[in-house]
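Visitor:
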Amino acid sequence: MKEFLIFPPLTLIYLALKSTVFQSVPLPDIPLLFVFYIGFRKASVAGVAVAFALGYMEDALTGGIFGLTSLALVSIFLIVHLMSKRVHFSSPAMRAGGAFTLAFAKGLIVYLLMSFIGLKAPFLLRTLLKAAITAAFAPAVILLLMRISSRLNKPGLANTE
Amino acid sequence: MTSFLKKHQIIIASALLLIFSLHLALTDKKEPARGALIKDILTAMASPIEKAAGGAQNGVIGIFENYVLLLNTKTENDSLKAALIAVQAENNKLREEVNLNARLKELLAYKEDSDFSTITASVISFGTNDWAGTALINKGHAEGVKKDMAIITPLGVMGRVINAGANTSRVLLNTDPRSNIDVVVRRTRVKGVIEGNGSDALYLKYIRQLDDVQAGDEVITSGLTGIFPKGLVVGTVIKTEKGGDNFFKQIDVWPAVEMSRKLEEVLIVTDIGTVLE
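Protein chains in written order, with the working numbering: chain A, 1 to 161; chain B, 162 to 438.
(1) Just to make sure I have the definition right: I need the residues of chain A whose C-beta is within less than 8 Å of the C-beta of D309/B. Which are they?
(2) Where does V35/A fall in DSSP's three states?
(3) Taking C-alpha atoms, which residue in A217/B, K352/B, T314/B and Y367/B lies nearest to E439/B?
(4) If you check the beta carbons only, do G392/B and I381/B fall under 7 Å apart?
(5) Spell out a yes or no on whether the segment 84 to 100 of chain A and the segment 129 to 143 of chain A are touching, meaning 3 or more CB-CB pairs, one atom from each, closer than 8 Å.
(6) When the distance is taken between beta carbons, is V306/B closer than 7 Å to I429/B?
(7) What does the alpha-carbon distance come out to for the pair P31/A and E304/B?
(8) Can you find a CB in chain A that lies within less than 7 Å of the CB of A293/B?
(9) Suppose contacts are defined by Cβ-Cβ distances below 7 Å. Is V74/A in contact with A99/A by that definition?
(10) Identify every residue that forms a DSSP beta bridge with I210/B.
(11) With a 10 Å radius around its C-beta and 16 neighbouring C-beta atoms as the bar for buried, classify L333/B as buried or exposed.
(12) Jot down the residue ranges of each uninterrupted alpha helix (DSSP H) in the segment 95 to 131 of chain A, minimum 4 residues, whole runs only, in chain order.
(13) Quick one: list the residues of chain A neighbouring L268/B, beta-carbon separation under 9 Å, in chain order.
(14) At a CB distance below 9 Å, what residues from the segment 76 to 92 of chain A approach chain B? Give them in sequence order.
(15) Establish whether the CB of L144/A and some CB of chain B are separated by less than 7 Å.
(16) Taking the alpha-carbon of A105/A as reference, which of F77/A, R86/A and V87/A has the nearest alpha-carbon?
(17) In the DSSP assignment, the alpha helix (DSSP H) including D59/A goes from what residue to what residue?
(18) By the DSSP assignment, the alpha helix (DSSP H) with A174/B in it spans what residues?
(19) Give the range of the beta strand (DSSP E) segment to which A311/B is assigned.
(20) Using a cut-off of 9 Å between C-beta atoms, extract the partners of H184/B located in chain A.
(21) Taking contact to mean 3 or more Cβ pairs, one atom from each stretch, closer than 8 Å, check whether the segment 129 to 137 of chain A and the segment 196 to 213 of chain B are in contact.
(22) Taking its Cβ as the centre, do 16 or more other Cβ atoms sit within 10 Å of V87/A, making it buried, or is it exposed?
(23) Any C-beta of chain A within less than 9 Å: which residues of the segment 277 to 288 of chain B qualify?
(24) Taking buried to mean at least 16 other C-beta atoms within 10 Å of its own C-beta, is H169/B buried or exposed?
(25) Are the CB atoms of L363/B and I412/B nearer to each other than 7 Å?
(26) Cβ closer than 8 Å: which chain A residues qualify as neighbours of E419/B?
(27) Excluding the five sequence neighbours on either side, which residues of its own chain have a C-beta within less than 8 Å of the C-beta of P8/A, listed in chain order?
(28) Residues of chain B with CB under 7 Å from A16/A, in chain order?
(29) Taking only beta-carbon positions, decide if T431/B is within less than 7 Å of chain A.
(30) Measuring CB to CB, does V164/A end up less than 7 Å from A174/B?
(31) Count the C-beta pairs between the segment 253 to 260 of chain B and the segment 292 to 301 of chain B that are closer than 8 Å, then say yes if the count reaches three, no if not.
(32) Can you give the Cα-Cα distance for G215/B and T62/A, rounded to whole angstroms?
(33) Threshold first: 4 residues or longer. Then list the alpha helix (DSSP H) segments lying entirely within the segment 357 to 437 of chain B, N to C.
(34) Interface residues of chain A around A174/B at Cβ under 7 Å?
(35) Taking just the CA atoms, how far does Y271/B sit from A277/B?
Shown next as structure tokens:
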């Protein structure tokens with residue numbers, strides 16, 4: 001539970017850097033990787049709430065439509081949670097593949113909902129590029145999150161999970 | 162019942178949050194003021210990071226331009242190098258101020274020539290997700306900024322304010338798919354609506370097949386909605402095609418103001434003055 005608290009500030013920093021220093025650099029979808037990690041490693045009601053909160057933050061800070069990214073990230077969480085009973089994302093290749101699929105799914109969910117609202121948005125090329133970059137970074141980011149998690153849950157440190 | 166809820170609590174919580182998110186997304190247009198407090202809090206938390214990141218970026222560029230390129234000099238004469246770095250840093254700062262001065266002069270000249278009231282603001286950051294086009298500027302309702310005020314530059318229209326916080330405001334860029342601007346084609350006076358394409362360009366909509374619009378035509382604001390002063394350049398037509406419905410043309414427009422990181426200062430139109438339709 002305690003480690004969930006690191007995701008909102010990290011997302012805030014990520015979004016702030018993305019909108020300034022890395023504005024024209026294609027970055028991996030870090031909030032999506034957080035949700036991926038929570039979904040297959042730490043699925044819980046608090047995890048769903050974090051997925052919703054990260055999406056809400058992204059919508060608020062990018063001036064997007066409220067609920068759009070929240071819906072996408074909660075859907076991703078649910079997909080990962082249901083998949084994790086059958087698929088084990090234990091190898092870097094599986095994590096990269098999973099991240100690619102989920103990033104594409106996120107783009108598709110956003111695109112479909114926007115079309116439903118009546119807004120046109122670019123989809124295929126942009127989503128594929130983003131999915132590829134997210135997949136490339138996924139193994140390293142997930143490994144880092146696992147290390148942070150093991151440090152936080154070390155004996156001697158209070159484990160609130 | 163309790164065991165069922167406990168067993169499926171994650172799926173139930175997810176389903177509830179999915180329904181809530183869907184409700185938020187579908188009603189966002191109807192309730193634009195919703196979440197204003199949360200937006201303000203998050204923006205207040207993020208803007209120091211954004212400002213620091215922007216400052217650090219300029220610092221790194223300055224170091225690269227003024228320090229890294231002078232490493233050989235350092236090995237020859239450390240004291241001379243230190244003095245040179247200080248002078249270069251000063252020079253860099255002065256050059257930045259000269260650039261800023263030139264940009265502000267341009268804005269000031271434009272301000273004096275225009276018939277409407279404006280205030281100057283700086284762009285703090287660009288809100289970039291996969292499709293939305295927004296920017297954060299450093300003026301809010303403390304400086305008199307209100308929702309739906311036009312944001313322009315001497316080159317043309319940039320967007321409009323969608324959320325005015327205390328000291329910052331969120332601007333909806335023309336390129337965002339939610340942006341709609343009533344426009345007129347300058348050459349033929351044909352009326353239409355400019356909509357963002359979610360990327361770098363714009364669509365000109367509701368132009369009939371029989372209307373005369375060609376590549377190269379300039380598109381200007383009509384002044385009809387009362388948000389944008391009349392006659393400001395929005396963009397230039399780059400492509401016209403027969404639309405899929407055989408009634409309207411499909412027209413691509415390149416925006417007059419490119420929404421890139423080069424954009425640093427903008428004007429907020431606080432009063433559009435008398436609009437003659």
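Backbone N, C-alpha and C define an ideal beta-carbon position, used for all residues, glycine too.
Guide: Straight from the coordinates:
(1) The contacting residues do not exist; D309/B stays about 14 Å from chain A at best.
(2) helix
(3) It is not possible to answer for residue 439/B, since the shown part of chain B is limited to 162 through 438.
(4) yes
(5) yes
(6) yes
(7) 34 Å
(8) yes
(9) no
(10) In DSSP, I210/B forms no bridge with anything.
(11) buried
(12) none
(13) Residues of chain A passing the Cβ test: none, with the nearest at roughly 22 Å.
(14) F77, L78, H81 and L82
(15) no
(16) F77/A
(17) V45 to T62
(18) Q170 to T188
(19) A311 to T314
(20) G67
(21) no
(22) exposed
(23) I285, S286, F287 and G288
(24) exposed
(25) no
(26) Near E419/B there are no residues of chain A at all, since even the closest Cβ is about 12 Å away, more than 8 Å.
(27) V50, A53, L54 and M57
(28) A207, I210, E211 and A214
(29) no
(30) Absent from the model: residue 164/A. The displayed extent of chain A is 1 to 161, so no value can be given.
(31) no
(32) 17 Å
(33) none
(34) V45 and V48
(35) The sequence given here places Phe at residue 277/B; Ala does not occur at that position. Those two C-alpha atoms are separated by around 10 Å.
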